[in-house]
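Visitor:
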Amino acid sequence: SQQGEEDPQALSIQEGENATMNCSYKTSINNLQWYRQNSGRGLVHLILIRSNEREKHSGRLRVTLDTSKKSSSLLITASRAADTASYFCATDGYSGGGADGLTFGKGTHLIIQP
Amino acid sequence: DTEVTQTPKHLVMGMTNKKSLKCEQHMGHRAMYWYKQKAKKPPELMFVYSYEKLSINESVPSRFSPECPNSSLLNLHLHALQPEDSALYLCASSQIGGVNTGELFFGEGSRLTVL
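Going line by line, the protein sequences match chains D and X. Here the first sequence stands for residues 8 to 121, where the numbers follow the numbering used here. Here the second sequence stands for residues 99 to 213, where the numbers follow the numbering used here.
(1) Taking 8 angstroms as the CB-CB limit, is D/Asp14 close to chain X?
(2) Quick one, which residues of the segment 36-51 of chain D are near chain X if we go by CB-CB under 9 angstroms, in chain order?
(3) Counting beta carbon pairs with one atom in the segment 128-137 of chain X and one in the segment 182-189 of chain X, are three or more of them shorter than 8 angstroms?
(4) Once the 5 residues before and after X/Ile194 are set aside, which same chain residues still bring their CB inside 7 angstroms of it?
(5) Taking only beta-carbon positions, decide if X/Val110 is within less than 8 angstroms of chain D.
(6) Going straight from the alpha carbon of D/Leu82 to that of X/Glu101, what length do you get?
(7) How is D/Ala97 classed by DSSP in three states: helix, strand or coil?
(8) Have a look at the DSSP bridge pairing and note the partners of X/Met111.
(9) Out of D/Asp99, D/Asp90 and D/Arg48, which has the shortest C-alpha to C-alpha gap to X/Gly205?
Quick look at the structure:
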């Protein structure tokens, strides 16, 4: 099965700075999503970008998708202490077949220093 | 109501016990999922019910048994678990299932400890 690989695995920045996380995946997708998880809690959906889209914005979030490189990036602008969390990319769609559910990448743990 | 509710929040069980995790959603979603998450790891898909059809992840041991009594409820029956099964078990739902899965709505998880 395919799996997204995020980098960096951990990122620590000062409040107010921008945070960029990257994700790479292996096979064809229908869409790519980003989720956030506070420590030990459930995941919260942030944004979905379809395979025919190149960029999408939602508030302080900007997501890009490059299907030729099989990669995506998540940019959080003007970071806040409350943005401290783990961020996962997730992909669906399996080339040549079908399967339900999302496959999650390894995640980036983001720490915002006040 | 946009919640996925999981019970119990915490569960401690011995290796000979039989217990169940429960999940409920009232959003009219037609697909429900069980994920397992170990510390500092991503969630791993265990089972999917999509339009009340079960998709099985073949790497899941038979000591985990899912049940979907109706489109709003999802159970995970646990029997003869091992200490390495200790993890956060996450339930999620989506409006539709299939290969073009949209947004997943997650519950807060059930933290399982196997002694």
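We put the CB at the ideal spot given by N, CA and C, even for glycine. The model shown is predicted, which means the values in this text are computed figures rather than measured ones.
Guide: So, from the data block:
(1) Stepping through the first sequence from its first residue, residue 14 of chain D is reached at position 7. Chain X contact via Cβ: absent.
(2) Asn37, Asn38, Gln40, Tyr42, Gln44, Gly47, Arg48, Gly49, Leu50 and Val51
(3) yes
(4) Numbered from 1 along the second sequence, position 96 holds the residue referred to as residue 194 of chain X. Excluding positions up to five away in sequence, the list reads Arg128, Ala129 and Gly200.
(5) As a working note, residue 110 of chain X is residue 12 in the second sequence. Not one chain D Cβ lies under 8 angstroms of X/Val110.
(6) Position 75 of the first sequence, counted from the start, is the residue given in the question as residue 82 of chain D. Position 3 of the second sequence, counted from the start, is the residue given in the question as residue 101 of chain X. For D/Leu82 and X/Glu101, the distance between alpha carbons rounds to 27 angstroms.
(7) Taking the first residue of the first sequence as 1, we reach residue 97 of chain D at position 90. Here D/Ala97 sits in strand by DSSP.
(8) Locating residue 111 of chain X in the second sequence gives position 13, counting from the first residue. X/Met111 is bridged to X/Val212.
(9) Indexing the second sequence from 1 puts residue 205 of chain X at position 107. Comparing Cα positions, the closest option is D/Arg48.
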